[in-house]
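Participant:
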Amino acid sequence: MTSGARAEPAAPDAKALITPAVIEATRAWLTNPIVPLSVNAQNERRGNLTQSEIDALDKQWRAEREVADKPLISATLSAPLSIYLLRVQAGSLGLYTELFVMDANGLNVGQSAITGDYWQGDEAKFQKTFPEGREAVFIDEPEWDAERQIWRAQLNMTLADPKGAGPIGAATIEINLTELQRRTMPQG
1 MTSGARAEPA APDAKALITP AVIEATRAWL TNPIVPLSVN AQNERRGNLT QSEIDALDKQ
61 WRAEREVADK PLISATLSAP LSIYLLRVQA GSLGLYTELF VMDANGLNVG QSAITGDYWQ
121 GDEAKFQKTF PEGREAVFID EPEWDAERQI WRAQLNMTLA DPKGAGPIGA ATIEINLTEL
181 QRRTMPQG
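Position 39, counted from 1, in the sequence shown is what my numbering calls 39; the numbers after and before it change by one each time, with no gaps.
Have a look at this one:
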């Protein structure tokens, strides 16, 4: 091996590390009123979009990633929910590498960093949570992040309005499995 690159370590067991306690701790900060308020507001504003309108928004997002003028990205990143998610990520001290919340269409409502696309509705993170009901949780396979030299996995869950019966959106919490594993090891 050259240039000091380290070999990729064996993948940790994401489903064993992301325990029910980790999921419940995540649900706790997702119950902050800013989350359902923001998701419900976007559902009211964008609830009846056609697929072609969703595709146009996603195309706009992808195009904005390449240019200086970013009205859709800027509006999303400056939203109160995005600011809250950024604070949660910072407060996790390296445990969360990315956070984002989606509406009932699978469109981003808030996020801690710019995502690759605006529409998540065609991806497992949304398809294996939101349509499955209020309590749905989907833990994706671990991925090696060579740049950061960490294993990470996405914890995805349905978001439900505390005042309503059904799901209102979904959340993706990308967890630094390397850090989570370190935190769960016995100290001494």
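Even for Gly, the Cβ is constructed at its ideal location relative to N, Cα and C. Remember, predicted model here, so these are calculated numbers, not experimental data.
In the DSSP output, which residue or residues are listed as bridge partners for residue 174?
Facilitator: Reading the sequence shown from its first residue, position 174 is the one you call residue 174. 98 and 154.
Participant: Between residue 96 and residue 48, what straight-line distance do the alpha-carbon atoms span, to the nearest angstrom?
Facilitator: By one-based count along the sequence shown, residue 96 stands at place 96. By one-based count along the sequence shown, residue 48 stands at place 48. Answer to the nearest angstrom: the Cα atoms are 32 Å apart.
Participant: With DSSP collapsed to three states, give me the class of residue 111.
Facilitator: Numbered from its first residue, the sequence shown carries residue 111 at position 111. Reduced to three states, the DSSP call for residue 111 is strand.
Participant: Taking the alpha carbon of residue 8 as the point to measure from, which residue in 145, 158, 185 and 181 has its own alpha carbon closest?
Facilitator: Within the sequence shown, the letter at position 8 stands for residue 8. Among 145, 158, 185 and 181, the Cα nearest to that of residue 8 belongs to 145.
Participant: Since residue 158 contacts residue 123 with CB under 8 Å, what's their CB separation in whole angstroms?
Facilitator: By 1-based counting over the sequence shown, the position of residue 158 is 158. By 1-based counting over the sequence shown, the position of residue 123 is 123. The pair is not a contact, with the Cβ atoms about 14 Å apart (cut-off 8 Å).
Participant: Which partner residues of residue 145 appear in the DSSP bridge assignment?
Facilitator: As a first step, residue 145 is located in the sequence shown; it is residue number 145 there, counting from the start. For residue 145, which the question treats as bridged, DSSP gives the partners 150.
Participant: Which residue marks the beginning of the alpha helix (DSSP H) containing residue 22, and which one marks its end?
Facilitator: If you number the sequence shown from 1, residue 22 lands on position 22. Looking at the DSSP string, the run of the alpha helix (DSSP H) that includes residue 22 is 20 to 30.
Participant: In chain order, what residues of the same chain have a beta carbon less than 6 Å from the beta carbon of residue 35, not counting five sequence neighbours either side?
Facilitator: On the sequence shown, position 35 is the one that residue 35 refers to. No residues qualify anywhere along the chain.
Participant: According to the neighbour-count rule (16 or more other Cβ atoms, all chains shown, within 10 Å of its Cβ), is residue 67 buried or exposed?
Facilitator: Position 67 of the sequence shown holds residue 67. Exposed is the call here.
Participant: Mapping DSSP to helix, strand and coil, what is residue 2?
Facilitator: Within the sequence shown, numbered from 1, the residue matching residue 2 stands at position 2. Note on residue 2: pLDDT 49, under 50, position unreliable in the model; the coordinate value appears next. Looking at residue 2 - three-state DSSP - the assignment turns out to be coil, as it is neither helix nor strand.
Participant: Identify whether residue 159 lies in helix, strand or coil by the three-state DSSP scheme.
Facilitator: Here residue 159 is taken as the residue at index 159 of the sequence shown, counted from 1. In this structure, residue 159 counts as strand in the three-state DSSP scheme.
Participant: When DSSP builds the beta bridges, which residues end up paired with residue 186?
Facilitator: Numbered from 1 along the sequence shown, position 186 holds the residue referred to as residue 186. Paired residue(s): none; residue 186 is not in a bridge.
Participant: Return the CA-CA distance between residue 1 and residue 93, expressed in angstroms with no decimal places.
Facilitator: Within the sequence shown, residue 1 is the residue found at index 1, counting from 1. Within the sequence shown, residue 93 is the residue found at index 93, counting from 1. Its pLDDT being 44, under 50, residue 1 is placed unreliably by the model, and nothing is read from it.
Participant: Report buried or exposed for residue 172, applying the criterion of at least 16 other Cβ atoms within 10 angstroms of its Cβ.
Facilitator: Residue numbering aside, residue 172 sits at position 172 when the sequence shown is read from its first letter. Looking at its Cβ environment, which holds 16 or more other Cβ atoms inside 10 Å, residue 172 is buried.
Participant: When you compare the CB positions of residue 153 and residue 177, do they come within less than 9 Å of one another, or not?
Facilitator: To locate residue 153, count along the sequence shown from 1; it is residue 153. To locate residue 177, count along the sequence shown from 1; it is residue 177. In this structure, residue 177 lies closer than 9 Å to residue 153 by Cβ.
Participant: Measure the CB-CB distance between residue 101 and residue 39 and report whether it falls below 9 Å.
Facilitator: To locate residue 101, count along the sequence shown from 1; it is residue 101. To locate residue 39, count along the sequence shown from 1; it is residue 39. Yes, Cβ-Cβ distance for residue 101 and residue 39 is below 9 Å.
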